[in-house]
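Everything below concerns the one structure shown next.
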Amino acid sequence: MAQKVTAPKGTKDVSPYESYKWNWLENKLCGIVGQYGFKEIRVPTFEHTELFLRGVGDTTDIVNKEMYTFNDKGGRSITLRPEGTSPTVRSVLENGILNEGTPLKAYYILSCFRYEKPQAGRLREFHQIGIELFGSQDYTADAEVISTGAKILNDLGIGDKVKLNINSIGCPKCRPAYHAKLKAYFADYKDELCEDCKSRLEKNPLRILDCKNERCSKIARGAPVGLDNLCDECADHFEGLKKTLTAMGLDYSINTKIVRGLDYYTKSVFEFVYDGIGSQGTVCGGGRYDGLFEELGGNHVPAVGFGMGIERLLLTLEAEGKVQAEDPKPDIFFANIGEDAKIFAFTQAEKARYEGLRAQSDLMNRSLNAQMKYANKIGAKYTIVIGDSEMDSKKADAKNMATGEKIAVDLTKPIKEQLI
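Terminal number for the sequence shown in this note's numbering: 436, no gaps in between.
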């Protein structure tokens with residue numbers, strides 16, 4: 017016997033008995049972001065590697081350690097997308113979508129790929145919903161993106177279980193001076209930093225603040241604070257954001273260690289954090305990225321957005337008992353007695369489907385007793401047994417599987433009108 021082929025490490029199958037939860041959640045998410053005017057965009061699963069080198073940044077762990085990169089048959093370097101923002105900006109830029117007017121609001125639900133250690137809420141192939149708002153530099157755009165995330169969490173019933181943290185990491189005008197202060201501070205601890213942070217010290221010391229190494233995190237506690245080093249524009253923007261969040265009644269905490277894991281972020285960054293699923297408790301994170309269009313060869317376009325992990329969100333909902341979805345059950349199961357009845361039952365099931373019912377019939381040549389057991393197992397609401405008598409009279413009894421009640425039905429007329 018040949019050895020079984022298994023799924024690659026860090027990937028997870030979604031079975032037919034679990035997918036209904038995903039369908040429910042994704043439909044819910046699409047409905048909520050649609051209330052804010054976000055429309056769906058779809059982008060390729062893979063892109064030219066250069067997109068992520070320029071967009072995500074070569075000082076990030078994503079680029080340095082986690083990307084799935086390969087050469088295609090034409091010798092071109094291709095990468096499976098590790099995140100959704102850069103491909104979306106590339107698409108908007110390449111297809112001239114901004115010509116339709118601003119602000120442009122786009123959302124996507126897609127899979128991403130990162131080579132990292134699998135753990136609860138973090139896989140090598142994971143799924144997320146993301147929203148991107150292009151064209152507005154006003155702090156109310158940041159507030160709208162954050163409020164969209166808050167409404168999702170509130171509508172799902174976990175808003176009171178999740179904490180909003182915000183920060184500002186400055187812009188190209190004020191960040192160089194802040195970077196210089198960080199370099200000077202961390203230089204005194206260079207020998208104590210992990211190998212990654214020693215490299216970050218020269219390339220992008222801001223990344224050290226986000227290091228998960230316990231020793232580096234302890235050192236970072238005494239580092240200069242970014243909020244104390246903002247230019248007037250960034251400070252005013254952050255103050256406006258705070259005032260707007262307060263006016264909306266959104267509670268938040270300022271966390272000066274939030275820098276996010278991507279180099280394109282500027283000004284405001286934020287995270288929604290849940291403590292019940294271990295260390296990977298960030299269910300939503302994002303911020304402003306005003307320079308990304310220019311990095312990818314376009315004109316200056318201010319932008320802000322977030323990404324929300326589907327797996328992580330489902331873990332949170334299940335931990336809180338908030339999955340409000342039921343596995344769809346058949347409305348009706350047509351059982352049969354005999355070969356001719358099998359074909360007749362099959363055609364009746366197809367007729368019922370055209371009426372909008374969920375209908376099934378036996379495909380396994382089971383005995384009548386086994387058919388009824390199967391109908392009960394799959395949770396069919398009604399069963400109809402087809403035999404010679406039913407074929408001749410075109411009449412049958414529909415049995416309510418929960419109550420045992422029988423309803424006489426005319427098989428020549430729409431069954432849905434007689435039962436549902």
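We put the beta carbon where it would ideally sit given N, CA and C, even for glycine.
Starting from T65 and walking both ways along the alpha helix (DSSP H), at which residues does that stretch end?
One-based indexing of the sequence shown puts residue 65 at position 49. Note, T65: alpha helix (DSSP H), 65–71.
Is the region 146–155 touching the region 116–135, taking contact as three or more C-beta pairs under 8 Å?
yes
Using a Cβ distance threshold of 8 Å, determine whether the region 306–325 contacts the region 360–375, with at least three qualifying pairs required.
no
Using 8 Å for Cβ pairs, my map puts A396 next to K358. What's the rounded Cβ distance?
Counted from its first residue, the sequence shown places residue 396 at position 380. Counted from its first residue, the sequence shown places residue 358 at position 342. So it is not a contact: roughly 17 Å between Cβ atoms.
Given this structure, state the Cα-to-Cα distance separating F133 from E82, to the nearest angstrom.
Within the sequence shown, numbered from 1, the residue matching residue 133 stands at position 117. Within the sequence shown, numbered from 1, the residue matching residue 82 stands at position 66. The sequence shown places Lys at residue 133, rather than the Phe named in the question. Taking the straight line joining both Cα atoms gives about 10 Å.
Which parts of the region 317–368 are runs of the alpha helix (DSSP H), unbroken and 4 residues or longer, counting only runs that do not cross its ends?
326–335
So what does K415 bridge to, in DSSP terms?
For the purposes of this step, residue 415 is taken as the residue at position 399 of the sequence shown. DSSP, once it has assigned bridges, lists T399, K422 as partnering K415.
Beta-carbon separation of A361 and I402 under 8 Å?
Translated into the one-based positions of the sequence shown, residue 361 becomes position 345. Translated into the one-based positions of the sequence shown, residue 402 becomes position 386. Contact: yes.
Kindly indicate which three-state DSSP category L126 falls into: helix, strand or coil?
One-based indexing of the sequence shown puts residue 126 at position 110. In the structure shown, L126 sits in a strand (DSSP, three-state: E or B).
8 Å contact criterion, which S269 and K179 should meet: CB distance rounded:
Taking the first residue of the sequence shown as 1, we reach residue 269 at position 253. Taking the first residue of the sequence shown as 1, we reach residue 179 at position 163. Correct: roughly 7 Å between the Cβ atoms.
Close beta carbons around Q434, own chain, < 6 Å, minus the five adjacent residues each side:
Counting from one through the sequence shown, the residue named residue 434 turns up at place 418. The answer, listed in chain order, is V425.
Which residues DSSP lists as bridging E141, in chain order:
Counted from its first residue, the sequence shown places residue 141 at position 125. For E141, which the question treats as bridged, DSSP gives the partners F129.
Counting C-beta neighbours from all protein chains within 10 Å, is the total for A414 16 or more, i.e. buried, or is it exposed?
Here residue 414 refers to the residue found at position 398 when the sequence shown is read from its first residue. Answer is buried; the Cβ neighbour count reaches 16.
Straight-line gap, L222 to Y124 (C-alpha atoms, nearest Å):
By one-based count along the sequence shown, residue 222 stands at place 206. By one-based count along the sequence shown, residue 124 stands at place 108. C-alpha separation (whole angstroms): 29 Å.
Cβ-based neighbour list, H316, same chain, cut-off 6 Å, excluding 5 preceding and 5 following:
Position 300 of the sequence shown holds residue 316. Here the set comprises E310.
Inspect the beta-carbon positions of V299 and T332 and report whether they are closer than 8 Å.
As a first step, residue 299 must be located in the sequence shown, where it is residue number 283. As a first step, residue 332 must be located in the sequence shown, where it is residue number 316. Contact flag set, yes.
Any alpha helix (DSSP H) of 4 or more consecutive residues that is wholly inside the region 44–125
65–71, 101–110
Select from A203, G314, V161 the residue whose C-alpha is nearest the C-alpha of E52.
As a working mapping, residue 52 is identified with position 36 in the sequence shown. The amino acid occupying residue 52 in the given sequence is Tyr; Glu does not appear at that position. Nearest of A203, G314, V161 to Y52, Cα basis: V161.
Can you tell which of C128, I113, I78 has its C-alpha closest to the C-alpha of T27?
Working through the sequence shown from its first residue, we reach residue 27 at position 11. Comparing Cα positions, the closest option is C128.
For I274 and A236, the rounded distance between their alpha carbons:
Position 220 of the sequence shown, counted from the first residue, corresponds to residue 236. Position 258 of the sequence shown, counted from the first residue, corresponds to residue 274. Cα to Cα, the separation comes out at about 12 Å.
Where does A157 fall in DSSP's three states?
As a working note, residue 157 is residue 141 in the sequence shown. Three-state result, A157: helix.
Just to confirm the assignment, what range does the beta strand (DSSP E) spanning I182 have?
Here the question's residue 182 lines up with position 166 in the sequence shown. Taken as a continuous stretch (DSSP letters only), the beta strand (DSSP E) holding I182 covers 179–184.
Cβ distance (whole Å) where Y280 is taken to contact V72 below 8 Å
As a first step, residue 280 is located in the sequence shown; it is residue number 264 there, counting from the start. As a first step, residue 72 is located in the sequence shown; it is residue number 56 there, counting from the start. Indeed, because the Cβ distance is near 7 Å, the residues count as touching under 8 Å.
State yes or no: is the C-beta of C210 within less than 8 Å of the C-beta of C190?
Taking the sequence shown and counting its residues from 1, one reaches residue 210 at position 194. Taking the sequence shown and counting its residues from 1, one reaches residue 190 at position 174. Not in contact: C210 and C190 (Cβ atoms no closer than 8 Å).
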